[in-house]
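One structure below.
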Amino acid sequence: MAQEKLNHLRTRIDAIDDQILDLLNQRAAVVIEVGRAKSGEQREFYVPARELAIYERLGARNTGPFPTEAIRRVFREIISASLSLEHPMKVAFLGPQGTFTHAAAMQQFGFSAQLVPQKSIPAVFDEVLRGRAPYGVVPVENSTEGVVSHTLDMFMESDLQISSEILLGISHFLLSRTGRMEDIRKVVSHPQPLAQCRKWLEENLPDVPLVDVGSTALAAQMVLEDESAAAIASEMAASLYGLQVVKERIEDNPNNFTRFLVIGQKSPERSDRDKTSLMFSIKDQPGILYRMLEPFSKRAINLTKIESRPMKKKAWEYVFFLDIEGHIDEKAVADAIAELKDYCQFLKVLGSYPRAR
C-alpha cells in the first residue's frame, strides 16, 4: 500500500515537472521575442534592476513550502539561460577559477554565462574596454579589511562605468592535500584573506609562515604541488582543485562580506533603488571638506561611503570616492553633483546602478 502511494506521488511529480518544462520553454520563446525587440532599439540585454525586481516580486508572492531563499538561486539560472538565448553573455572576472570573484560572477550571471578568468584587475578592465567582454567583475571592498585599492586606482584611468554591485558573504576554508593540521609548514593566500583570518592563524598556527600570492585560487593550485602547504581559499576551490578541508570558516569576523562591482561601457537605466558612485579631486582651501559635503546634506541625499586615495602624479594630493543614494537622472542628485563640481579640480561620475539587496 505504501509503495502504491509512493508511485502515485512520483507520477504526480513527473506530471508537474512536465508542466514546469513546458512553461520554461514558453518563457524562453517570449525571451527570444524580447531580445529581438531590444536589438531593434539597441537596448542593453543585461538589465540588473529588472532581475532584482523579478526576485523580489516572486519572493513576496511565495507562500511556501518552497523556501523563499531558494527562489533567487532557481530563477538566477532560469534568467542566465534566458539571457544566453538573447545574447551570449561573456563576463571577465579576476581569476583564476575558484576565487571569490568567480563565485560573485556566478551569483550575478549564473552558470549559462561565459565566465572568462583574467590574471589581474587591470586585465579585467582592459577586456571590457576593448569590447572582448561586455562586462567584468572586480572586488572593491571588504567589510573587515576595507577597500581594494587596485580597483579604485583603475577608475582613475578608465572611462568604464559601474553597471551593478554584488554583495557576497565570505567564508574562508583552510585547505591542504592531506587535510591534517600537523602537516602544515606554511600558509599561502591572497593578502586580504590572510588579514581576515589573522586572529585564527595566530591562535592555531602561530609559528607557521604566511605567504602572499595573487589570489586564493592560485594558493589552492600551489598547495596541489606541496603537501606541507595549506591555502586559505573558498569551499568552491576545495571542490575545483581536489583539496581536503583542514578547517572550515576560519575568518575572524563571521559577518564578513565583500562588495564587487560589475563594470561595463555604460550604466543602466534608473530603478527604484539606485546608488551613484563618483570620484573627484578638490581644490585645497579652508573649509573645503565641509563645502564638499554640503550639496548633499542640504538636499537630504544620503552618503553611503567616502574614501580617499593619493594621486599618483601629484604628491600630497588626493582623489575622493563617494557613494550616494539616488540616480544621476534624479534632479536632486544631478544638482548636488553640479554644485560639488564648482569646488573640484576634476570630477567623474562612475555610474548609477541598483543597490545590492
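The working numbering puts the first residue of the sequence shown at 82, with every later residue one more than the last. For each residue, glycine too, the CB sits at the ideal point set by N, CA and C. These numbers come from a predicted model, not from an experiment.
- In this structure, the beta-carbon distance from G179 to A318 falls below 8 angstroms.
- Contact check for V112 and S193: beta-carbon distance about 12 angstroms, past the 8 angstroms limit, so the pair fails to qualify.
- Sixteen is the threshold: when 16 or more other Cβ atoms of the shown chains lie within 10 Å of the Cβ of D355, as they do, the residue is buried.
- Within the same chain, and ignoring the five residues on either side of T259 in sequence, the residues whose Cβ sits closer than 7 angstroms to its Cβ are E308, Q325.
- Among the bridge pairs identified by DSSP, E306 is matched with none.
- Boundaries cannot be given for F192, as no alpha helix (DSSP H) includes it and DSSP labels it neither H nor E.
- Taking C-beta atoms as the reference points, H271 and G295 count as a pair closer than 8 angstroms.
- Excluding its 5 nearest sequence neighbours in each direction, R153 has C-beta neighbours in its own chain below 6 angstroms: Y136, listed in chain order.
- Looking at I405, L196, K267, the one whose alpha-carbon comes closest to that of V430 is I405.
- In this model, K347 and L321 are separated by some 34 angstroms (Cα to Cα).
- Burial of G217 is indicated by the presence of at least 16 other C-beta atoms within 10 angstroms of its C-beta.
- The three-state secondary structure of V294, taken from DSSP, is coil.
- In this structure, the straight-line span from the alpha carbon of D365 to that of A173 is close to 38 angstroms.
- For I405, the enclosing beta strand (DSSP E) stretches over residues 399–406.
- Under a 10 Å Cβ-count criterion, R261 is classified as exposed, with fewer than 16 other Cβ atoms of the shown protein chains found around its own Cβ.
- Spatial neighbours of D333 in its own chain (CB-CB distance under 8 angstroms, excluding positions within 5 residues in sequence) are listed in chain order as T225, Q277, C278, R279, K280, W281.
- For K328, the pairing in a beta bridge is given by DSSP as L255.
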